[in-house]
Amino acid sequence: MAISFFFFLSLLCIPFSSSSSDGPENFIIHVSKSHKPLLFSSHHHWYSSILASLPPSPHPIKLLYTYERVINGFSARLTAAQADKLRGLPGILSVIPDQVRQIHTTRTPHFLGLSDGVGLWQNSYYGDGVIIGVLDTGIWPERPSFTDSGLSPVPDTWKGICETGPDFPASACNRKVIGARAFYKGYQSHLGHSIDETKESKSPRDTEGHGTHTASTAAGSVVSNASLFGFARGEARGMASKARIAAYKICWSFGCFDSDILAAMDQATADGVDVISLSVGATGYAPQYDHDSIAIGAFGAAAHGIVVSCSAGNSGPGTYTAVNIAPWIITVGASTIDREFPADAVLGDGRIFGGVSLYYGPPLPDFKLRLVYAGDAGNRYCYMGGISPSKVQGKIVLCDRGGNARVEKGAAVKLAGGLGMIQANTAESGEELIADAHLVPATMVGEIAGNKIREYVKKSPFPTATILFRGTVVGPSPPAPKVAAFSSRGPNHLTPEILKPDVIAPGVNILAGWSGFAAPTDLDIDPRRVDFNIISGTSMSCPHVSGLAALLKKAYPKWSPAAIKSALMTTAYTLDNSGSTIKDLATGEESSPFVHGAGHVDPNRALNPGLVYDIDNDDYIAFLCSIGYDSNRIAVFVRGPTGSDICEGKLATPGDLNYPSFSVVFYSNDHVVKYKRTVKNVGTSVDVVYTAKVNAPAGVEINVSPSKLEFSGENKTLSYEITFASDGLGLHAVDSLQAFGSIEWSDGVHLVRSPIAARWAQGLKDSI
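If you use mature numbering (1 follows the signal peptide of the UniProt record, and there is no 0), the sequence shown corresponds to residues -19 to -1, 1 to 749, in order.
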């Protein structure tokens, strides 16, 4: 069975290598471009010569890819001894084992405030002509989300191709899906044999569903009357419905290999994309920047003016779990919207507990059934084959969340003869409710309800239950957004002075297009096929932001990737639709900037941010210097050797990077922290004065100098210094050694807000 790509995936991000130290592995080799001898006609020719010079091995050396744009170098299959030999050759900057990453697995335009004829959609003409490169599992181009009706010709800036195959004709591409490619050499090399095309296609065709979902979320065309089994019925459209899609298939049954990801990023850059959307990343802690191929590739893409939007990961609610945290990446967490799919668990004693479900099929009997706890029937998590048919047949089974895929639990109940399922959260997921298209009548309830239902089963001599399904409900109750418990969060374990994630966006129960090859549950035993599916994960929130970035790119074509990120961050909001601080579903308490970043994206406000914090490549290099990177480590980013003077302009502290948010760490011997920032006036008024308002975190005194910024035609860019001082009460004045606040610059029209996160380092582990 193909591995599930839902966000539940929890495989560790580790190098895939042979069990023998002499066996071959895939390696990514970073090479100095300037070292190529003149006698070689191309870098490919040079790399082939380098490989031919390595010591012989029983295993043939294989060159997989050459890279020219986002990095410089190649990937190859080598033995460890050959890789060691490579490291000592002139011009070789770095040799890194290939690693596997995992995918981080309507109404959202309305919830985001987007509407026809006004705001960001009108001012960006729905992103017409902007090209979004979606790096994922491919695309199912026949879905209605990818029709090109009413679109203008393919942009002249497009340099890519539509890669054809037996199941992917040239007609699969059009003015919406303007290009498609597949990258599998790293994956296939790891397999050691050809891909089994009866299970997954080597063409750009999506046999998983995930890539079709993310592509249609970012830039799907308008589709009327879209739904999943009647749920969430309405108009489905991508964030940038007139933007163009270039699909790069990088993910396969075993995951997404760095060598293939880099090849796709390199090609997307050459093809002329404006935005890269990448819902992929490590599932463990984020690797060091110079060992993180996504970070390195994103650096190169940003240097070409490409916005790179990535998912933060689905390893929440643990701390330090956010990945794709390089400061040149937009890191996106996941949140809910104001749409629910309620399904109530009704107990025999009359109590009713609210839950959610997307079940569609034969109903339960019109009387209550016997209720049994799966822990008393073989396995509390309802593993496939793990529960006893004799104990669950004809009954509703109470299964604990965790351990295996949510939809697999329902399948296990069905195969064991159970008639229904109540899935109960544990403390890890709290009150986070995620709807699924189960194979049996089923609902998911929160931790509080789950504990009460378990107690009922334990104490009642004859526990019974039923489930009432209530369809689709849209409204202000419960309040939204809330941050998903699964959404990975900070603090940033690599660089505590950079706040991550950056923003949150809709990522729970999102309706979008789906593959015709895979079932909505992604289970082999599920025969259903659908045009649209509803799934959850930061994989879903990332393409929302990718689409919004495309709209801003259309509205402001000269803005840098950092300026676009700044506009999204400084206009984000932190209050839900009831006027209260956005809650964290993991705890039920108020979320913090370590959980929601700058806040929830607000597209129409991002169109007119007033001020932006801009950053260029030299700034990022100065940042790398400030965290201790020497010229050798920086070389992989700048694609060649650097002089010893490259760090002469390094930042005094990583916190001096011109980032639109603030993360402050007070160490035991340092109670004062100073950061510098520069802002550019991008508003319509040239002569304008912005005044600072500080909401200081508890235990911190803040001074802003100057506290007024007076812009003019001659002074469009101004700087300020912000000083954070622990008032000496830090350990006693705040809970959990951290506190939060914000700084807001306003001219009476715009509100430019940056979150502040402060931590006291005693007892804290700032790196993993």
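Even glycine gets a Cβ: it sits at the ideal position worked out from N, Cα and C.
Extent of the continuous beta strand (DSSP E) to which residue i belongs
i      : result
CYS380 : 377 to 381
GLU6   : 5 to 12
CYS291 : 288 to 292
TYR168 : Premise fails: TYR168 lies in the alpha helix (DSSP H), 166 to 172, not in any beta strand (DSSP E).
ALA57  : 54 to 60
SER75  : 73 to 78
ARG156 : Where ARG156 is concerned, there is no enclosing beta strand (DSSP E), given that its DSSP letter is neither H nor E.
ALA446 : 445 to 450
ARG225 : 225 to 230
VAL681 : 681 to 686
Local conformation of residue i per DSSP, three classes
i           : result
GLY192      : helix
PHE(-15)    : With a pLDDT of 34 at PHE(-15), under the threshold of 50, the modelled position of that residue is not reliable, and no figure is offered here.
THR198      : helix
VAL489      : coil
ALA500      : coil
VAL111      : coil
GLY262      : strand
THR672      : strand
ALA742      : coil
GLY401      : strand
LYS661      : strand
CYS363      : coil
HIS731      : coil
residue 837 : The displayed coordinates of the chain run from -19 to 749. Any statement about residue 837 would go beyond what the structure contains.
Enclosing alpha helix (DSSP H) for residue i [first to last residue]
i      : result
TRP102 : 100 to 105
TYR28  : 24 to 33
ARG435 : 428 to 440
SER520 : 519 to 536
MET246 : 239 to 252
MET550 : 542 to 551
LEU70  : From DSSP, LEU70 is part of no alpha helix (DSSP H); its letter is neither H nor E.
ASN206 : Segment 204 to 209 is the beta strand (DSSP E) holding ASN206; no alpha helix (DSSP H) there.
ARG387 : 387 to 396
With 16 other Cβ atoms within 10 Å as the buried cut-off, status of residue i
i      : result
ALA408 : exposed
VAL455 : exposed
ARG510 : exposed
GLY609 : exposed
LEU209 : buried
HIS581 : buried
GLU189 : buried
TRP741 : buried
THR138 : exposed
GLY711 : No answer about GLY711 holds up, because its pLDDT of 47 lies below 50 and its placement is not dependable.
LYS166 : buried
ALA284 : buried
GLN269 : exposed
PRO444 : buried
GLU695 : exposed
ASP716 : Confidence at ASP716 is low in this model, with a pLDDT of 49, below 50, so the placement of that residue should be treated as unreliable; the coordinate-derived value is given next. With fewer than 16 other Cβ atoms within 10 Å, it is exposed.
GLY173 : exposed
ASN406 : buried
VAL730 : exposed
Beta-carbon separation (whole angstroms), residue i vs residue j, contact threshold 8 Å
i      : j      : result
ILE515 : ALA423 : At roughly 14 Å, the Cβ-Cβ gap does not stay under 8 Å, so ILE515 and ALA423 are not in contact.
SER642 : ILE627 : Incorrect: roughly 27 Å between the Cβ atoms, too far for contact.
GLY294 : ILE485 : Actually they are not in contact, since the Cβ atoms of GLY294 and ILE485 sit about 13 Å apart, beyond 8 Å.
PRO343 : GLU478 : At roughly 57 Å, the Cβ-Cβ gap does not stay under 8 Å, so PRO343 and GLU478 are not in contact.
CB contact check: residue i to chain C, cutoff 9 Å
i      : result
PHE575 : Among the chains in the structure shown there is no chain C, since it carries only a single protein chain.
CA nearest to the CA of residue i, picked from the options
i      : options                           : result
PRO487 : SER527, TRP495 and TRP309         : SER527
ARG225 : VAL730, ILE112 and VAL619         : ILE112
ALA276 : ALA358, SER105 and ILE52          : ILE52
GLU436 : LEU379, PHE467, HIS474 and LYS390 : LEU379
HIS194 : GLY215, ALA244, ILE120 and GLN719 : ILE120
VAL670 : VAL617, LEU732, ARG620 and LEU93  : LEU732
ASN598 : HIS85, ILE615, LEU345 and ASN432  : ILE615
ARG734 : LEU690, LEU59 and ASN676          : ASN676
ILE77  : ASN7, TRP27 and ASN104            : ASN7
VAL203 : GLY94, SER130 and GLN63           : SER130
TRP495 : LYS17, ALA673, SER197 and VAL337  : SER197
GLU123 : GLU178, LEU67 and ASN155          : ASN155
ALA530 : PRO36, LEU35, LEU101 and GLY4     : LEU101
VAL660 : THR128, LYS697, ALA679 and ASP728 : LYS697
ALA282 : ILE306, GLY253, GLY411 and ALA267 : GLY253
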